[in-house]
Amino acid sequence: MKKILLLIAVVLGATTMNAQEMYGEATYMSKVKMDNSWMEGDREMTPERRKRIEENMKRMTEKTYVLKFNRTESTYKEEVALEAPGQGRGWGGMMGTMMAGEKYKNINEGMYTEQRDMMGKTFLIQDSLPQLEWKITGESRKIGNYNAMKATATMPSGEFDWANFRRRRGGNAEEEAAQKKKDSIARADGDIEAMFEKPDEIVVTAWFTPEIPVQHGPDVYGGLPGLILEVNAGNTTLLCSQITINPEERDEIEPAKKGSVVTQEEYDATLKQKMEEMRQRWSGGRGRGRGR
């Protein structure tokens, strides 16, 4: 009860900030716990090659993002666009297209726009923001100089949310041996879906501060009575490391305009088709003629 009263007091204390035209910038660091067990049992996987793959995956998932926001709108994009390993060729290039692009969110309209490039073509994904049913737990802690409160929710796992994919495993030793054999064939054929499965839902834990009374947060997250400072969603953590409120220099907050307009579902269907085409070309060159 005391912590709920603290939340009310902080919100009331922010009325002066509410009366102002607000603009802010928040920097977030991303970290992903990947399941690398799929490399186990691969006779062609030398320690040196495994190390290179793990370093590349880390470089592709541990990044810095900047959220720029006013009362109702925000943009969220990578601070420094690092070139993905193998960008433009093979699976490395395809993995690069799966990384999030610049995302614009409008809370009043409940919509987001995200610009992505796929195999040389630019898309504008326009769709509804996820409506999470947040539960504020009453737990609180300090994050930097801000008082933060905890909220939890569940959300569907995305079609290409690779961070939450997990290797398929057998229930006993015999089934596990059979799965490793399937993994070996799948690696040769480039059939990623045969090696991994994804959960239907993921648990999201967010820490927000009512001291910055906006409903924004990193990526697609938001809808809480305060800026989200930390998100733990499945295997992904997004942690705010720096906040600037009402600086003298401000950027325009507006959506990208270049690209073919599609929904998220349409974009995912196109990406899935491109992946299947690439898998067939890969298997046609390396995987054919092997017994099943």
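In this note's numbering, the protein residues as written are 8 to 299. For glycine and all other residues, C-beta sits at the position ideal for the given N, C-alpha and C.
Original post:
What does DSSP give as the partner residues of I6 in its beta bridges?
Top reply: Since the first and last residues shown for the chain are 8 and 299, residue 6 lies out of range.
**OP:** Spatial neighbours of E80 within its chain, please: CB distance less than 6 Å, with the 5 preceding and 5 following residues excluded, ordered by chain position.
**Re:** Position 73 of the sequence shown, counted from the start, is the residue given in the question as residue 80. Within the same chain, and ignoring the five residues on either side of E80 in sequence, the residues whose Cβ sits closer than 6 Å to its Cβ are N113, I260.
Subject >> The beta strand (DSSP E) enclosing V227, as first and last residue numbers >> reply: The residue you call residue 227 lines up with position 220 of the sequence shown. No beta strand (DSSP E) contains V227, which DSSP labels as neither H nor E.
**OP:** Can you tell me which of the three DSSP states R123 falls into?
**Re:** To locate residue 123, count along the sequence shown from 1; it is residue 116. It is a strand residue.
Subject >> Residue nearest to L136 in terms of C-alpha spacing, selected from L236, Q280, V227 >> reply: The count along the sequence shown starts at 1 and reaches residue 136 at position 129. When only C-alpha atoms are compared, the closest one is V227.
Original post:
Are K75 and D275 closer than 8 Å when you measure CB to CB?
Top reply: Locating residue 75 in the sequence shown gives position 68, where the first residue counts as 1. Locating residue 275 in the sequence shown gives position 268, where the first residue counts as 1. Against a cut-off of 8 Å, the Cβ pair of D275 and K75 comes out as no contact.
**OP:** With distances taken Cα to Cα, identify the nearest neighbour of T144 among F130, M156, K84, I150.
**Re:** Your numbering for residue 144 matches position 137 in the sequence shown. Residue M156 is the option with its Cα nearest to T144.
Original post:
Which residue comes first and which comes last in the beta strand (DSSP E) that contains S37?
Top reply: Along the sequence shown, one-based indexing puts residue 37 at 30. That run of the beta strand (DSSP E) goes 31 to 39.
Original post:
In three-state DSSP terms, what is R257?
Top reply: One-based indexing of the sequence shown puts residue 257 at position 250. Reduced to three states, the DSSP call for R257 is coil.
Subject >> Y30 to R78 span [Cα, whole Å] >> reply: Counting from 1 along the sequence shown, the entry for residue 30 is found at position 23. Counting from 1 along the sequence shown, the entry for residue 78 is found at position 71. Answer to the nearest angstrom: the Cα atoms are 7 Å apart.
Original post:
DSSP state of T129, grouped into three classes?
Top reply: The residue you call residue 129 lines up with position 122 of the sequence shown. T129: strand per DSSP, three-state reduction.
Subject >> Buried or exposed (CB count within 10 angstroms, at least 16 for buried), T82 >> reply: The residue labelled residue 82 in the question sits at position 75 within the sequence shown. So T82 counts as buried.
Subject >> Inter-residue Cα distance where the pair is V268 and P54 >> reply: Numbered from 1 along the sequence shown, position 261 holds the residue referred to as residue 268. Numbered from 1 along the sequence shown, position 47 holds the residue referred to as residue 54. Each residue's alpha carbon lies about 44 Å from the other.
Original post:
Is it buried or exposed for E86, if we count other Cβ within 10 angstroms and need 16 for buried?
Top reply: What you label residue 86 is simply residue 79 of the sequence shown in a count that begins at 1. That one is exposed.
**OP:** Check the DSSP bridge columns for Y153 and list the partner residues they point to.
**Re:** Looking up residue 153 in the sequence shown gives position 146. I150, per the DSSP bridge assignment.
Original post:
Quick one, are the C-beta atoms of E32 and P254 less than 8 Å apart?
Top reply: Residue numbering aside, residue 32 sits at position 25 when the sequence shown is read from its first letter. Residue numbering aside, residue 254 sits at position 247 when the sequence shown is read from its first letter. Their beta carbons are under 8 Å apart, which means E32 touches P254 by this criterion.
Original post:
When the Cα of I132 is compared with those of Q138, Q122, W141, L139, which residue comes out closest?
Top reply: Taking the first residue of the sequence shown as 1, we reach residue 132 at position 125. Checked all of Q138, Q122, W141, L139; the closest Cα to I132 is Q122.
Subject >> Bounding residues of the beta strand (DSSP E) (the contiguous stretch that carries V268) >> reply: Counting from one through the sequence shown, the residue named residue 268 turns up at place 261. Here the beta strand (DSSP E) through V268 covers 267 to 269.
**OP:** Starting from the Cα of I252, find the closest Cα among P220, M282, T277, K265 and give me that residue.
**Re:** Position 245 of the sequence shown, counting from 1, holds the residue named residue 252. The candidate whose alpha carbon is nearest that of I252 is P220.
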